[in-house]
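Chains as they are written, first to last, in my numbering: chain A, 1 to 100; chain B, 1001 to 1310.
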Amino acid sequence: MDSLTPTQRDRGLERLRRLTFGATAGALVAVVGVGYVAAASYAGTSSANASATAAETTTTTTTTTDSSSSSTSSSNSLQPSTQAPTTGSSGSGTVTSGGS
Amino acid sequence: MTVALESWKALGTSVHVLATQADGLGPATSAVSEVLADVDTAYSRFRGDSELSRLNANPGRSVRVSPLLATAIDAAQRAARLTDGAVDPTIGQAIRVAGYDDDFSRVAAQAGPLNLRAWRVPGWQAIRFDRRARTVLLPAGVELDLGSTGKALAADLAARAALAAAGGGGVLVSLGGDIAMAGTPPSGGWRIHIAEDSRVSPDADGEVICLPSGGVATSSTMVRRWTRGAAVLHHIIDPQTSLPATGPFRTVTVAAATCLDANIASTAAIVRGAGAIDWLLSWRLPARLVENDGTIHYIGRWPDPSGVAA
């Protein structure tokens, strides 16, 4: 087997270094490219979650009238009462709820 | 516990103010009176000088409205949005054409036949309302009627004003059967007699529920009815037809966090008809529905006197 001259060995090392750099750069470009395509194709669910949260959030607007300062519900849903009605075996101050 | 009560007439209906602290009743009553006077000035449909009447009389022009009318329009648009248009403020022309064009005492006295036809109201999306600037533009042919939400909103506003004026304790305000509660309730809660007509005495036989807070509202086709020719009409208009609703339920009562939400739901249930029960269940709102034949349904957490929930 013939031994390499110093010049031939330097050329071989230089070629090997260029190949290593090219492979690394190519892999990096491929990762970024695939990631971009994936991100564009599947936008994820963060915006949907934000909408769902907003829909369940009750906000209050305060409006000053000529006679008083009052607030009204402005939520994006009809709000149930915090406690369910019970049969009227107790309590005070009866009034009638009916059509008018 | 004894609660103090004051009653009078306003906005064409009965007003009851209850307070758990007797010395708070006077200030609470004054506060409610002021709110109702403001409401009458802002969005009465029967006062030619109200803001709402002036707005309806000026289609095609951007009009800046008071904070109270802006709040009422905002509430009405929210009601329409949450009910998919079943409760729509653009029924103004429809209810006027149906004969409800004056104070109800005068409407009921008229008897001549009406020529009614079915048409869809313009819809709440037609209203150009800038909430921040408080400007409203109604296109030609669009008339607002805030009756479906206005009284319940007034009850909520009045209850909060009454509580502030009373300086503590708890208050209940009833405007023609639309009920709003605020503050600390009496022990066991407020007793509310459920009827089809708000003029029924609270001491009459019938179902009574107790609630500590929030609101209760009843919508019924059995009141504010009038006859024109052979047609029996009522005040709950179906926006899809511009005619009085003809569903299977004649009376619906709902409890909610506010009187406004309760009234939105009870009115929408009458208009939605057969789909009302599933719709109310989807909102998790306790409700009592009376069919045209008198059959009663208890929905969600509404207490069933027989102990068997529907």
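Idealized CB from N, CA, C, for every residue including glycine.
Around the beta carbon of residue 1271 (chain B), 16 or more other beta carbons lie within 10 angstroms, which makes this residue buried. In terms of CA proximity to residue 1112 (chain B), B:1230 leads the group B:1230, B:1265, B:1252 and B:1237.
Judged by pairs of C-beta atoms under 8 Å, the segment 1200-1214 of chain B touches the segment 87-99 of chain A, as three or more such pairs exist. Listed along the chain, the chain A residues whose CB falls inside 7 Å of the CB of residue 1196 (chain B) are 98 and 99.
Rounded to whole angstroms, the Cβ separation of residue 1142 (chain B) and residue 1184 (chain B) is 43 Å, and the two are not in contact under 8 Å.
In this structure the segment 1217-1232 of chain B does not touch the segment 1007-1014 of chain B; the number of beta carbon pairs closer than 8 Å is below three. Around the beta carbon of residue 1033 (chain B), 16 or more other beta carbons sit within 10 angstroms, so the residue counts as buried. The segment 1059-1078 of chain B and the segment 1228-1247 of chain B do not touch, with fewer than three beta-carbon pairs separated by less than 8 Å. The beta carbon of residue 1066 (chain B) sits closer than 8 Å to the beta carbons of 1042, 1051 and 1134 from its chain, once the five residues preceding and following it are set aside; these are given in chain order. The straight-line gap separating the alpha-carbon atoms of residue 1173 (chain B) and residue 1150 (chain B) is approximately 14 Å.
Distances from the CA of residue 1054 (chain B) to each of B:1197, B:1176 and B:1138 were compared; the closest alpha carbon is that of B:1138. Within the segment 1080-1107 of chain B, those residues whose Cβ lies closer than 9 Å to any Cβ of chain A are, in chain order, 1081, 1082 and 1083.
In this structure, A:83 is the residue among A:83, A:92, A:15 and A:79 with its C-alpha nearest to the C-alpha of residue 1301 (chain B).
Annotated three-state conformation of residue 1043 (chain B) is helix, per DSSP. Looking at B:1047, B:1083, B:1157 and B:1075, the one whose alpha-carbon comes closest to that of residue 1104 (chain B) is B:1047. Counting every other CB atom within 10 Å of its CB across the protein chains shown gives residue 1196 (chain B) a total of 16 or more, marking it as buried.
In the DSSP assignment, residue 1217 (chain B) forms a beta bridge with B:1254.
At least one C-beta of chain B is nearer than 8 Å to the C-beta of residue 91 (chain A). For residue 88 (chain A), the nearest beta carbon of chain B is closer than 8 Å to its own beta carbon. Boundaries cannot be given for residue 1020 (chain B), as no alpha helix (DSSP H) includes it and DSSP labels it neither H nor E. With a threshold of 8 Å between beta carbons, residue 1248 (chain B) makes no contact with chain A. A Cβ of chain A is located within less than 8 Å of the beta carbon of residue 1302 (chain B). The alpha-carbon separation between residue 1288 (chain B) and residue 1100 (chain B) amounts to approximately 27 Å.
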